[in-house]
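Residue numbers (the numbering used here), protein chains in the order written: chain B, 14 to 126; chain C, 43 to 157.
In what follows, a single structure is set out as structure tokens and then discussed.
So this is what it looks like as structure tokens:
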């Protein structure tokens with residue numbers, strides 16, 4: 014079945030770049046997403062990429078998609094303490110019913126001053 | 043601004059009680075979802091609905107039921123709460139097929155403790 018995998022923790026220093034990685038198994042994925050969850054809050058969509066794209070940039074965020082390896086990454090440039098949160102990767106497919114997303118386990122990003 | 047609200051932020055219930063978690067969205071979204079979030083497991087889909095009175099099982103429906111009588115409201119019901127249902131419950135909504143990006147908007151979550 015469909016599966017999305019992420020590492021659970023990442024720690025970086027303020028000002029460094031963060032790279033959060035994700036792998037997925039469903040080759041029919043059409044959209045891939047990055048969501049952010051701040052402490053005590055729900056999830057908020059950061060960005061998404063259509064499967065026919067390799068890269069998408071939005072200010073400090075860069076998303077890279079390697080379809081051959083089914084690998085997605087989120088790079089945060091100049092990471093700030095306010096970026097500390099849990100980041101979830103998710104996918105949807107063309108066989109989707111009702112807009113269902115498959116989420117990874119989430120990567121907890123800790124930014125140290 | 044899209045708003046998804048959940049009836050409680052924190053809830054404590056006893057084993058065997060019937061529990062209702064309510065979710066309301068104000069964006070006229072067709073799709074609504076209930077997830078539970080547990081450390082190291084990410085979000086797991088319990089049930090979803092893509093229209094009024096329609097419901098579909100997600101990955102972990104056992105012990106739960108849902109109700110969608112109105113488009114804006116989606117209720118999650120724990121028929122007889124058990125301690126292994128202690129978790130964070132998240133509600134989400136999204137547009138239907140006309141928006142193929144299927145961006146989901148989330149509520150703030152309800153942290154349920156069953157003692």
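Yeah, the Cβ is synthetic: ideal placement off N, Cα and C, and Gly gets one too.
Quick caveat, the model's predicted, so the values are computed rather than measured.
_Determine, for residue 107 of chain C, whether the minimum Cβ-Cβ distance to residues of chain B falls below 8 Å._
no
_If you follow the beta strand (DSSP E) that residue 70 of chain B is in, where does it begin and where does it stop?_
68-71
*Proximal chain C residues relative to residue 98 of chain B, where beta-carbon distance stays under 8 Å*: Residues of chain C passing the Cβ test: none, with the nearest at roughly 13 Å.
*In terms of residues, what are the limits of the beta strand (DSSP E) holding residue 130 of chain C?*
Where residue 130 of chain C is concerned, the enclosing beta strand (DSSP E) stretches over 129-136.
_Backbone secondary structure at residue 157 of chain C - three-state DSSP_ = coil
*asked:* According to DSSP, simplified to helix, strand and coil, what is residue 82 of chain B?
replied: coil
*Cα separation between residue 61 of chain B and residue 107 of chain C?*
In a straight line, the C-alpha of residue 61 of chain B is about 31 Å away from that of residue 107 of chain C.
*Compute the beta-carbon to beta-carbon distance between residue 64 of chain B and residue 43 of chain B, rounded to the nearest angstrom, for a pair I have assumed lies under 8 Å.*
Yes, they are in contact, since the Cβ atoms of residue 64 of chain B and residue 43 of chain B sit about 5 Å apart, within 8 Å.
*Taking a cut of 8 Å between CB atoms, which residues from the segment 22-35 of chain B lie near chain C?*
none
*Where residue 87 of chain C meets chain B, residues with beta-carbon distance less than 9 Å*: 113, 114, 115, 116
_Reduced DSSP secondary structure (H/G/I, E/B, other) of residue 70 of chain C_ = coil
*If you follow the beta strand (DSSP E) that residue 49 of chain B is part of, which residue opens it and which one closes it?*
42-50
_Closer than 8 Å at the beta carbon, the chain B residues around residue 145 of chain C_ = 46, 58, 61
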